[in-house]
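S.K.: Dropping a structure here in structure tokens format, bear with me for questions.
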Amino acid sequence: MIVPKFLFNVVETYESGLYLVVLSDLPESGADYRHGDLLELRKPNGTIVQSVSEGVFYDPPAERALSVAFKGFTKVDVPIGSQVWLVDSDRAPRKPSRHYEVKDALTKENI
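Numbering-wise (my numbering), the sequence shown opens with residue 1264 and increments by one.
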């Protein structure tokens, strides 16, 4: 049985063409997710909808997602206060960026 993992709360939404982009509150979820993963949208009224992410955007140089795009939704479909959960990501974990590898090496030298 797959147990969904909490990713973030939706703090803002905007529509861009065919896509609804939801902005996160950037919690420390520790989850590794990206474009194509199955996500669950849990609305404040208790409704739950699953959808594949159409795009995941990061706040450079952060490793955490800043926003996620979904196709076929409007602002009414995903109100502020909704939660986004990772349902399934059947793939190898993403490697850290070089930025963090360099930062970690510098930190270790300074200790």
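Cβ atoms here follow ideal geometry from the backbone N, Cα and C, with glycine treated the same way.
What's the gap between the Cα of residue 1334 and the Cα of residue 1281?
M.R.: Here residue 1334 corresponds to residue number 71 of the sequence shown, with the count starting at 1. Here residue 1281 corresponds to residue number 18 of the sequence shown, with the count starting at 1. Straight-line Cα distance between these residues: approximately 6 Å.
S.K.: Residues bridged to residue 1351 by DSSP?
M.R.: What you label residue 1351 is simply residue 88 of the sequence shown in a count that begins at 1. According to DSSP, which records beta bridges pairwise, residue 1351 is partnered with 1301.
S.K.: Could you check which residue in 1274, 1267 and 1269 has the C-alpha nearest to that of residue 1344?
M.R.: In the sequence shown, the residue the question calls residue 1344 occupies position 81. Of the candidates 1274, 1267 and 1269, the one whose C-alpha sits nearest the C-alpha of residue 1344 is 1274.
S.K.: Sort out for me which residues DSSP pairs residue 1277 with in a bridge.
M.R.: Within the sequence shown, residue 1277 is the residue found at index 14, counting from 1. Partner(s): 1284.
S.K.: Would you call the CB atoms of residue 1331 and residue 1289 closer than 8 Å?
M.R.: Counting from one through the sequence shown, the residue named residue 1331 turns up at place 68. Counting from one through the sequence shown, the residue named residue 1289 turns up at place 26. No.
S.K.: In whole angstroms, what is the alpha-carbon distance linking residue 1319 and residue 1298?
M.R.: On the sequence shown, position 56 is the one that residue 1319 refers to. On the sequence shown, position 35 is the one that residue 1298 refers to. Computed Cα separation, rounded: 5 Å.
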